[in-house]
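Accompanying notes for the structure given below.
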Amino acid sequence: MKKTLLLSAFLLAGCDDELDRTMEILPASALFDMADKAYGAQDYTSALRMFDYFCGHYSDDPKIADAYYRRAMVIYMQKEWKDARDHFANFLLLYPTHPNKDLARQFMDICNKRDLEEAEVTAKKTSTAMNVIGTVGAVALGAALLGK
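Quick note: the sequence shown, position 75, residue 75 per our numbering, numbers continuous.
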């Protein structure tokens with residue numbers, strides 16, 4: 001309990017070095033719980049750091065599959081579509097029979113759709129910008145040819 005309160009205080013204060021040191025001494029279950037609480041509080045930066053640490057240091061823990069899934073969810077909530085899709089794919093590769101496998105596939109489909117939508121918006125903006133540049137360039141060229 002004391003370690004949980006200590007970590008909560010560090011999260012609120014934004015002490016990255018202290019958070020790192022605290023993650024090193026917390027038992028796996030306490031770290032997972034704190035990461036999950038940070039996720040629930042929409043503190044995605046802290047949640048991602050803790051789930052990353054958990055996945056990198058507790059590969060034999062019974063909650064490791066859930067940590068991989070939640071890490072992908074954190075990235076999804078940050079609207080990092082390509083990265084989230086890749087993390088869901090990695091989760092499915094490592095844990096193909098996990099109870100959340102179907103949800104992970106659905107989130108991958110959403111990530112693909114959102115990534116495509118963003119690419120289309122970027123393409124339209126680029127096209128519009130190129131048209132404006134082309135129009136300005138044509139007007140400038142016309143003015144130069146007319147000697148103005």
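Think of the CB as a built atom: it goes at the ideal place given N, C-alpha and C, for glycine as much as any other residue.
Query                                                                                                                                                           : Result
Which ranges does the alpha helix (DSSP H) cover as unbroken runs of at least 4 residues, wholly within the segment 47-111, from first to last along the chain? : 64-77 and 81-94
One question on the structure: do F54 and A67 come within less than 7 Å of each other, judged by their Cβ atoms?                                                : yes
Tell me the rounded alpha-carbon separation between M50 and E117.                                                                                               : 30 Å
If you draw a straight line from the alpha carbon of C111 to that of A72, how long is it in whole angstroms?                                                    : 11 Å
I believe A28 touches D52 by the beta-carbon criterion, under 8 Å. Please report the beta-carbon distance rounded to the nearest angstrom.                      : Actually they are not in contact, since the Cβ atoms of A28 and D52 sit about 14 Å apart, beyond 8 Å.
Comparing C-alpha positions only, which one of M34, A119, L48 and D16 sits nearest to A84?                                                                      : L48
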